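From first to last, the protein sequence lines stand for chains A and B. 0 is the number of the first residue of the first sequence in numbering that gives the first Met the number 0; add one for each residue after it. 0 is the number of the first residue of the second sequence in numbering that gives the first Met the number 0; add one for each residue after it.
Number of protein chains: 2
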Amino acid sequence: MRHGFDEIIAKMKGCGMKKVAVAAAQDSAVLEAVKEAKARGIAEAVLVGDEAKIREIAASIDMDLAGYRIIDEPDMIQAALKAVKLAHDGEVDMYMKGLVDTKNFLKSVLDKEAGLRTGAPLSHVAVFDLPQFDRLLFLTDVAFIPYPTLEDKVNIIRNTVPVCRACGIECPKAAVLAAVEVVNPKMPATVEAAELTKMCEEGELAGCVVDGPLSLDLAVDPEAVKHKGASDRKIQGDADMLVFPDIHAGNLVYKCIVHTVPEMKNGCILTGTKVPVILTSRSDSFETKVNSIALAAVVAEEMKKNG
Amino acid sequence: MRHGFDEIIAKMKGCGMKKVAVAAAQDSAVLEAVKEAKARGIAEAVLVGDEAKIREIAASIDMDLAGYRIIDEPDMIQAALKAVKLAHDGEVDMYMKGLVDTKNFLKSVLDKEAGLRTGAPLSHVAVFDLPQFDRLLFLTDVAFIPYPTLEDKVNIIRNTVPVCRACGIECPKAAVLAAVEVVNPKMPATVEAAELTKMCEEGELAGCVVDGPLSLDLAVDPEAVKHKGASDRKIQGDADMLVFPDIHAGNLVYKCIVHTVPEMKNGCILTGTKVPVILTSRSDSFETKVNSIALAAVVAEEMKKNG
């Protein structure tokens, strides 16, 4: 079966609506996404923020607030802390950024009392549904960790495996990317990629197959694998997860897909947290915001299933 | 007027065929591209290599060798040195890799006596013609310089400006890319990008507009510029040249476009040399090889015009 965002949304319909707490919900783009997520049966929202402004925006976008729980808190930092606490206490399944700025939103996520720390470092995953692929692609980390160390990359992979699994991929194949597919001591990214491959072989990275260093063509194009005679590699153009050497490479590829591939769909979440965190940016499209809520919802469902 | 590979090829038809010397021409994919370049009126070739094998391959691909100059030299390293000398001596306008491996091909390019050194360091430019853009995009460096220093980036931009100009762009806009569009002292790529911008403002980088650090959306998407309120930037989603922080970022974006954008066209050359150098790889498509010859041909024409 093809796994894409349509399938994720269809899957969510079968397991009941999830609940998302929104930090400083007085943001029209966020409210529109929240409204759509409810209409599609994905999630209902607890709106924490300036109630007067929330009601004003809702009226302007024809959003019926009946049935929504609203917590009036005009101060954005306080609103974030109140919203994250709902997630911390298990009253909601996901936590989403509204009008509060990213810095204060992340502060709430990391708050020692009310936040969502698990001990694992946070990382970001961007999930793409591209028309020419029969599967989802999980890009990490393209937005959160600037220059991941080897240890960071271990955590990035560990954080992303359950996201893949929630989307129907039992044992994801993780390609550790670089400009080249051979280890070159002058290119630290290739050395670390080989190290990660070895750690997976030795059982330190479980529930996935890791192969690297890999160039992008060997990671995603079976034809290129044949052409380059790379039939001995663990990944044969069939990677699910793409692990980037650093944030520049990851972010530039991420934005390249968003801005050059027609009919692409995507969604993003933060992982390594107690519940999935939705941190969309102003420039994300309406559809991306809705997909991000859907992605968080399937991950929340998977986390619930696994206790 | 839209500038794309069709326009480049049309332009070449107006200025007479160029000549390309091929190093170790006994390679069927290379000969097919050379044959097509002649058929399209772009270039004729001098085939240096194992003549028996060249004739055998030519027969198998229905290539009429009448009118081709062939220099019989079965040794691949010697073939490269003889072919590059033709370019060095001005007998041909471009130099192209055949069956000889990349290492020995580059050795011939850099050969002190017969080679194509100009004093400038070499760099690579990948040119993309994407259906959703009204112009060509010049990506550099995605294949040659692993970790360019600030000085290398100056040279990369200087090497690429004439390539843009040869393709009809009088004053190219160069976006120095990073994951973010603001200077962050913890991200050296952003600091160097700001430095390059300043050097251009002060006249050290001529014939182009340089702006950086820029995220990819601000570089190529005017809508994102509006959305982020970046109307003060020199580049408003209208970049021609995309300068990458390092080879991982550049190469991954390059391969991302090749493998995910339907109907993309591309071509690549090495610059900073006495004549344009065509170094296509096994995995490049037939069309990419032909486009690379066409790109080298317009650059050679521009170099001839400017003496």
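The C-beta atom is built at its ideal place from N, Cα and C for all residues, glycine as well. Model, not experiment: these values are computed from the prediction.
Membership of residue 139 of chain A in any alpha helix (DSSP H) is not indicated; the residue belongs instead to the beta strand (DSSP E) covering 136-139.
Judged by beta-carbon spacing, residue 128 of chain B lies beyond the 8 Å limit of residue 172 of chain B, meaning their Cβ atoms are not closer than that value. Of the candidates B:299, B:4, B:289, B:63, B:289 places its Cα closest to the Cα of residue 29 of chain B.
In the three-state DSSP reduction, residue 23 of chain A falls in the coil class, being neither helix nor strand.
Not one beta carbon of chain A lies nearer than 8 Å to the beta carbon of residue 147 of chain B.
In summary, residue 1 of chain A is exposed, with fewer than 16 beta-carbon neighbours lying within 10 Å of its beta-carbon over all protein chains present. In terms of Cα proximity to residue 235 of chain B, the closest of B:209, B:257, B:12 is B:209. For chain B, the residues of the stretch 217-235 of chain A that bring a beta carbon within less than 7 Å of one of its beta carbons are 219, 220, 223, 226, 227, in chain order. Residue 69 of chain A is bridged by DSSP to A:46. A direct Cα-Cα distance of roughly 9 Å separates residue 215 of chain B from residue 241 of chain B.
Between residue 207 of chain B and residue 113 of chain A, the alpha-carbon positions lie close to 52 Å from each other. A Cβ-Cβ distance of about 6 Å is found for the pair residue 108 of chain A and residue 276 of chain A, placing them in contact under the 8 Å criterion.
Shown here, residue 143 of chain B sits in coil according to DSSP, grouped into three states, outside any helix or strand. In the three-state reduction of the DSSP assignment, residue 265 of chain A falls in the strand class, which pools E and B. In the displayed model, residue 97 of chain A falls within coil according to three-state DSSP, outside both helix and strand. The beta-bridge partner set that DSSP reports for residue 178 of chain B is empty. Neighbours of residue 246 of chain B in chain A, taken as residues at a C-beta separation under 7 Å, are given in chain order as 178. Look at the stretch 232-262 of chain B and you find these whole runs of beta strand (DSSP E), each 3 residues long or longer: 240-242. Within the stretch 273-303 of chain B, the residues whose Cβ lies closer than 9 Å to some Cβ of chain A are 281, 282, listed in chain order. With fewer than 16 other Cβ atoms from the protein chains shown falling within 10 Å of its own Cβ, residue 61 of chain B counts as exposed. Taking 9 Å as the cut-off between beta carbons, the residues of the stretch 259-273 of chain A near chain B are 259, 260, 261, 263, in sequence order. Taking all protein chains shown into account, residue 148 of chain A has fewer than 16 neighbouring C-beta atoms within 10 Å of its C-beta and is therefore exposed.
Excluding sequence positions up to five before and after residue 168 of chain B, its CB lies within less than 6 Å of the CB of 239, all in the same chain and listed in chain order.
Only buried fits residue 265 of chain A, as 16 or more other CB atoms lie within 10 angstroms of its CB. Between residue 153 of chain B and the set B:170, B:175, B:141, the nearest pair of CA atoms involves B:175. As the crow flies, the alpha-carbon of residue 26 of chain A is around 8 Å from that of residue 53 of chain A. If you check the CB distance, residue 271 of chain B and residue 119 of chain B come in under 8 Å.
Residues 125, 138, 141, 142 of the same chain have their beta carbon placed closer than 8 Å to that of residue 253 of chain B, with the five preceding and five following residues left out of the count. Taking all protein chains shown into account, residue 158 of chain A has 16 or more neighbouring C-beta atoms within 10 Å of its C-beta and is therefore buried. Secondary structure at residue 87 of chain B: helix, using DSSP grouped into helix, strand and coil. Rounded to whole angstroms, the gap between the alpha carbons of residue 93 of chain B and residue 105 of chain A is 54 Å. Ranked by Cα distance from residue 262 of chain A, the options A:284, A:164, A:300, A:305 are led by A:284. Chain A places no beta carbon closer than 8 Å to that of residue 46 of chain B, leaving this residue out of the contacts. Across the set B:231, B:101, B:74, the C-alpha of B:101 shows the shortest separation from the C-alpha of residue 280 of chain B.
A direct Cα-Cα distance of roughly 9 Å separates residue 68 of chain A from residue 43 of chain A. DSSP links residue 17 of chain A through a beta bridge to A:42.
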